[in-house]
Every structure is written in structure tokens, then in C-alpha cells.
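Enquirer: Each residue of the sequence shown is one higher than the one before, starting from 1 at the first, in the UniProt record's numbering.
By construction, the Cβ of each residue, glycine as well, lies at the ideal position given by its N, Cα and C atoms.
Given the structure is predicted, the values throughout are model-derived calculations rather than measurements.
Please read through the structure below; I'll follow up with questions.
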Amino acid sequence: MLNPRGTRPVVHPTKNLRLAEPSAAPRAPTITAMPRLLTLLLVSLSSFLGADVVTLAATNLSVGYYSKTCPDAELVVRGAIQAAMAREPRSGASVMRLQFHDCFVNGCDASVLLDATPNMPGEKQALSNINSLRSFEVIDEAKAALEHKCPGVVSCADIIVMAARDAVVLSGGPEWDVRLGREDSLTASQEDSNDIMPSPRANATSLISLFSQFNLTPVDLVALSGSHSIGRGRCFSIVFRLYNQSGTGRPDPNMDPEYREKLDELCPIGGDGNVTGGLDATPTVFDNQYFQDLVELRGFLNSDQTLYSGCERTKQVVEKFSKDQGAFFRAFVDGMIRMGELQSERRGEIRRNCRVVNAALSEF
Numbered sequence: 001m002l003n004p005r006g007t008r009p010v011v012h013p014t015k016n017l018r019l020a021e022p023s024a025a026p027r028a029p030t031i032t033a034m035p036r037l038l039t040l041l042l043v044s045l046s047s048f049l050g051a052d053v054v055t056l057a058a059t060n061l062s063v064g065y066y067s068k069t070c071p072d073a074e075l076v077v078r079g080a081i082q083a084a085m086a087r088e089p090r091s092g093a094s095v096m097r098l099q100f101h102d103c104f105v106n107g108c109d110a111s112v113l114l115d116a117t118p119n120m121p122g123e124k125q126a127l128s129n130i131n132s133l134r135s136f137e138v139i140d141e142a143k144a145a146l147e148h149k150c151p152g153v154v155s156c157a158d159i160i161v162m163a164a165r166d167a168v169v170l171s172g173g174p175e176w177d178v179r180l181g182r183e184d185s186l187t188a189s190q191e192d193s194n195d196i197m198p199s200p201r202a203n204a205t206s207l208i209s210l211f212s213q214f215n216l217t218p219v220d221l222v223a224l225s226g227s228h229s230i231g232r233g234r235c236f237s238i239v240f241r242l243y244n245q246s247g248t249g250r251p252d253p254n255m256d257p258e259y260r261e262k263l264d265e266l267c268p269i270g271g272d273g274n275v276t277g278g279l280d281a282t283p284t285v286f287d288n289q290y291f292q293d294l295v296e297l298r299g300f301l302n303s304d305q306t307l308y309s310g311c312e313r314t315k316q317v318v319e320k321f322s323k324d325q326g327a328f329f330r331a332f333v334d335g336m337i338r339m340g341e342l343q344s345e346r347r348g349e350i351r352r353n354c355r356v357v358n359a360a361l362s363e364f
């Protein structure tokens with residue numbers, strides 16, 4: 001997030017962090033998880049010592065937040081996600097990814113949805129997002145339906161969190177209660193997104209380090225990586241594994257030979273980098289097949305296979321989840337809830353259009 005002087009803020013790890021107050025609203029008999037206190041550690045230091053200070057804190061989120069102001073909010077969002085997945089099954093995975101790419105960059109504030117302006121490069125054009133993130137129009141559809149029903153009430157940031165949960169449920173995964181009450185940011189930071197979001201080439205050590213910055217453990221890392229139980233990946237993201245792993249001029253040795261031959265056919269040298277393959281053997285079903293594939297050395301992305309082949313701590317968790325789908329579901333829900341608690345302390349707004357701040361709309 002850029003301050004008025006154009007410098008990046010320093011994020012303080014523990015100042016003003018608190019848990020949201022529990023909601024008194026009744027809970028459905030679903031998988032639940034008590035959120036732990038989330039701290040966001042320093043994302044970067046040295047060159048930003050003169051920047052303004054920004055802290056991150058959990059806002060007063062609660063289950064049933066819109067029960068009086070927009071009681072059908074969750075039903076409206078689920079209907080939009082269901083319709084989108086009926087048109088294009090891949091949209092479920094795309095919508096779910098939005099929560100990761102939003103919350104890890106300055107908190108869950110829908111900054112990832114903002115279109116770029118002449119004065120603000122958007123996060124959509126960040127290296128990890130361009131030609132990768134999609135289904136923004138699905139969030140637009142949900143927002144339009146909510147604005148028709150209860151204008152100016154439901155934030156785009158909350159829509160992302162609801163939509164991610166719904167995409168999991170509609171793909172056969174677990175149900176859980178979402179804590180709502182977020183505000184939408186007034187700006188976005190392509191620079192922060194480039195600095196924070198991991199590459200498909202990332203190894204387990206770097207991923208553990210990244211997640212630890214958000215007080216997320218190696219178990220959280222493995223569980224949340226299970227989001228790749230649904231979705232597809234591009235050949236562009238794996239050609240190095242097939243033909244030049246770590247600059248060796250050879251394929252990744254941590255890959256089943258038959259699976260490598262299959263990927264060689266899908267992604268030949270000089271082929272179309274935008275061709276896609278399933279991230280696991282059941283790319284439209286949210287299950288633990290992803291972990292079974294990793295154990296069999298059939299992970300699509302290097303950043304996935306490294307969780308089994310590159311680190312003993314994460315390998316043990318992968319093995320557990322490959323045998324126990326219930327354990328995976330519980331850990332995944334816990335991680336999604338706690339990741340959703342990452343919030344910027346800066347005040348925001350309830351955008352009328354998720355792609356632009358309200359002040360820009362008033363200019364027309």
C-alpha cells in the first residue's frame with residue numbers, strides 16, 4: 001500500500017492485533033475452527049525505514065454480520081457462484097484463489113479487484129496474477145445482485161471470502177461459517193503483490209518462510225496448498241520442471257516417469273505456454289487426491305511437489321492428509337478462517353463497484 005509520499009509502509013508485527021469478538025448468531029452444524037491470534041510480521045525492512053507506519057489488525061468480524069442489514073447476502077453470493085460454475089466449472093478454483101491473492105497482500109480488503117489507473121498500477125498486473133487470476137466477472141455478478149437487493153451494504157472483501165467458501169462447498173469440500181464485516185481498500189499495491197506472492201518454482205523452505213510471516217505453520221501451508229485440489233495450471237508454470245530443473249538441463253527427478261511423459265506431451269518444448277493441465281487427477285472435485293498425487297510424485301507444480309519431496313516437516317503432513325481426508329478438511333477450514341482474519345488497520349469503504357473506489361464513480 002503506498003502512502004501519500006509514494007513510499008511503502010513498514011508493517012509492524014504485533015501492534016494493535018486482536019481477535020474479532022465472537023458472534024452471538026446461531027451456527028449451523030458445520031465444520032468450525034477457532035481462529036488464533038494472527039500477526040503479520042515485517043514484510044520487508046532496510047529500504048523502508050523512513051516510511052509511514054501501517055499496522056494490521058483483525059476487525060470486529062462476526063458470523064451473521066449481515067443478518068439485519070442484508071439477511072440474504074450469503075444466499076445471493078452462493079447463487080452467483082453456483083451459476084458461474086455451471087457455466088464454467090473451472091471458475092470455482094479461480095474464485096477460491098482470489099482469497100489467497102487478496103489476503104496475503106495488505107490483508108483481506110479486495111485490493112486485488114481494483115482495476116489499474118494512471119496513478120495506481122493494479123494488483124491484477126502483478127507477476128503472480130497477470131494471465132493467471134481470473135473470474136473477476138463472477139465477483140462483479142455477485143456484487144451487482146447484492147447492490148440490487150441491499151445497496152451499499154456488503155463489501156467486496158466479504159464477497160471474496162464468501163465466494164471462496166462457496167466454491168469449495170460446491171466442489172464437494174467442507175462447509176464452514178464465514179466471519180464477515182470487512183471494508184474495501186481505497187488503493188492497491190502491485191509492488192507488494194510482486195514482493196509477497198510465491199512463484200510456481202518456489203521450494204518448501206521459501207514457502208514455510210513466507211507463511212511464517214503471517215503466523216501460519218507448515219501444517220497450514222500444506223493444508224492451504226490443498227486448494228490445488230481443484231483447478232488447472234498452465235504449461236508456462238512447469239516447462240522448467242520438464243526440461244531444465246534447477247538449470248541442470250534435465251527434468252525434475254522428483255517426478256513419476258509415466259506422469260512426466262504425459263506432461264511432455266501436454267507441454268512440449270516450444271509449445272503453447274497457455275495450455276492447461278489438471279493440478280491433480282480430479283481437478284473439479286475438492287478432495288484429498290491432490291495429496292495422494294504428491295505421494296506418487298505426480299504433483300503438477302514444483303511448489304506443490306516440493307511439499308512432499310523437499311522437506312521432511314511438510315512431507316509428514318502430506319502423507320497424513322493423503323490417508324485422512326477429514327484431517328485435511330479440518331486443517332483447511334482452520335487455515336481459511338485464520339487467513340481471512342488478516343485485515344488492514346486503515347479505514348476503507350463499501351465499494352459500489354468492486355473494480356473502482358467510490359470517489360472515482362462520483363466523477364462520472
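Buried or exposed: residue 230, going by 16 or more other Cβ atoms within 10 Å of its Cβ?
Expert: Per the 10 Å Cβ criterion, buried.
Enquirer: Is residue 163 near residue 95, with beta carbons less than 7 Å apart?
Expert: Yes, they are a contact pair.
Enquirer: Just curious, the beta strand (DSSP E) that residue 335 is in, first and last residue?
Expert: No beta strand (DSSP E) holds residue 335; the alpha helix (DSSP H) holding it covers 325–339.
Enquirer: Apart from the five residues on each side of it in sequence, which residues of its chain come closer than 8 Å, Cβ to Cβ, to residue 133?
Expert: Cβ within range, chain order: 94, 97, 98, 101, 112 and 124.
Enquirer: Leaving out the 5 sequence neighbours to the left and right, which residues in its chain are closer than 6 Å to residue 276 when beta-carbon positions are compared?
Expert: Contacts found: 232 and 234.
Enquirer: Looking only at its own chain, which residues have a Cβ that is under 7 Å from the Cβ of residue 358, when we skip the five neighbours before and after it?
Expert: Excluding residues within five positions, the ones whose Cβ falls inside 7 Å are 349, 351 and 352.
Enquirer: Just how far apart, CA to CA, sit residue 323 and residue 61?
Expert: Approximately 34 Å, taken between the alpha carbons.
Enquirer: How about residue 77 and residue 159: do their beta carbons lie closer than 7 Å?
Expert: Closer than 7 Å, so yes.
Enquirer: Touching or not, the region 313–332 and the region 187–203, by the rule of three or more beta carbon pairs under 8 Å?
Expert: At 8 Å Cβ cutoff, the stretches do not touch.
Enquirer: So residue 180 and residue 66 are supposed to be a Cβ contact under 8 Å. How far apart are they, rounded?
Expert: 6 Å between Cβ atoms; contact.
Enquirer: If we require 4 or more residues per run, which alpha helix (DSSP H) segments fall completely within the region 237–316?
Expert: Taking only runs of at least 4 residues, the alpha helix (DSSP H) segments lying wholly in the region 237–316 are 239–243, 257–266, 289–295 and 302–309.
Enquirer: Spatial neighbours of residue 36 within its chain, please: C-beta separation below 7 Å, excluding the five flanking residues on both sides.
Expert: With a pLDDT of only 38 at residue 36, under the threshold of 50, the placement of this residue in the model should not be trusted; the figure read from the coordinates follows. 338, listed in sequence order.
Enquirer: Alpha carbon to alpha carbon, what distance is there between residue 178 and residue 356?
Expert: Their Cα atoms are separated by approximately 25 Å.
Enquirer: So residue 69 packs on residue 150, CB below 8 Å; how close in whole Å?
Expert: Confirmed, Cβ separation roughly 6 Å.
Enquirer: What are the residues that DSSP puts in a beta bridge with residue 356?
Expert: Paired residue(s): 353.
Enquirer: Spell out the partners DSSP gives residue 233 in its beta bridges.
Expert: DSSP output for residue 233 lists 277 as bridge partner(s).
Enquirer: Could you please give the first and the last residue of the uninterrupted alpha helix (DSSP H) stretch that includes residue 215?
Expert: Run containing residue 215: none; DSSP gives neither H nor E here.
Enquirer: Which of the three DSSP states is assigned to residue 344 in this structure?
Expert: Residue 344: strand per DSSP, three-state reduction.
Enquirer: So, for residue 126: in the same chain, excluding its five sequence neighbours on each side, which residues have a beta-carbon less than 6 Å away from its beta-carbon?
Expert: Here the set comprises 190, 193 and 194.
Enquirer: Below 6 Å CB to CB, which residues in the same chain sit around residue 4 once its five sequence neighbours on both sides are set aside?
Expert: Only weak support is given to the placement of residue 4: the predicted model assigns it a pLDDT of 30, under 50, and the value that follows is read from those uncertain coordinates. Result list for residue 4: empty, nothing under 6 Å.
Enquirer: Quick one: what's residue 158 bridged to in DSSP?
Expert: DSSP, once it has assigned bridges, lists no residue as partnering residue 158.
Enquirer: Is the separation between the beta-carbon of residue 245 and that of residue 256 shorter than 7 Å?
Expert: In this structure, residue 256 does not lie closer than 7 Å to residue 245 by Cβ.
Enquirer: In this structure, how does DSSP classify residue 109 when only helix, strand and coil are distinguished?
Expert: Three-state result, residue 109: coil.
Enquirer: So what's residue 206 in DSSP terms, helix, strand or just coil?
Expert: Residue 206: helix per DSSP, three-state reduction.
Enquirer: With the cut-off set at 7 Å, would you say residue 157 and residue 184 are in Cβ contact?
Expert: Yes; because the gap between Cβ atoms is below 7 Å, this pair is in contact.
Enquirer: Consult DSSP for residue 94 and reduce its assignment to one of helix, strand or coil.
Expert: In this structure, residue 94 counts as helix in the three-state DSSP scheme.
Enquirer: When the distance is taken between beta carbons, is residue 239 closer than 7 Å to residue 314?
Expert: Against a cut-off of 7 Å, the Cβ pair of residue 239 and residue 314 comes out as no contact.
Enquirer: Is it right to say residue 117 is buried, meaning 16 or more other beta carbons lie within 10 angstroms of its own, or is it exposed?
Expert: So residue 117 ends up on the exposed side.
Enquirer: In terms of DSSP beta bridges, what is residue 62 paired with?
Expert: Paired residues: 180.
Enquirer: What residue does the alpha helix (DSSP H) around residue 140 start on, and which one ends it?
Expert: 136–149 is the extent of the alpha helix (DSSP H) around residue 140.
Enquirer: What separation, rounded to the nearest whole angstrom, lies between the Cα atoms of residue 306 and residue 279?
Expert: About 14 Å.
Enquirer: Quick check on residue 197: does DSSP put it in helix, strand or coil?
Expert: Looking at residue 197 - three-state DSSP - the assignment turns out to be coil, as it is neither helix nor strand.
Enquirer: Have a look at residue 345 and residue 108 and give me their C-alpha separation to the nearest angstrom.
Expert: Taking the straight line from one Cα to the other gives about 11 Å.
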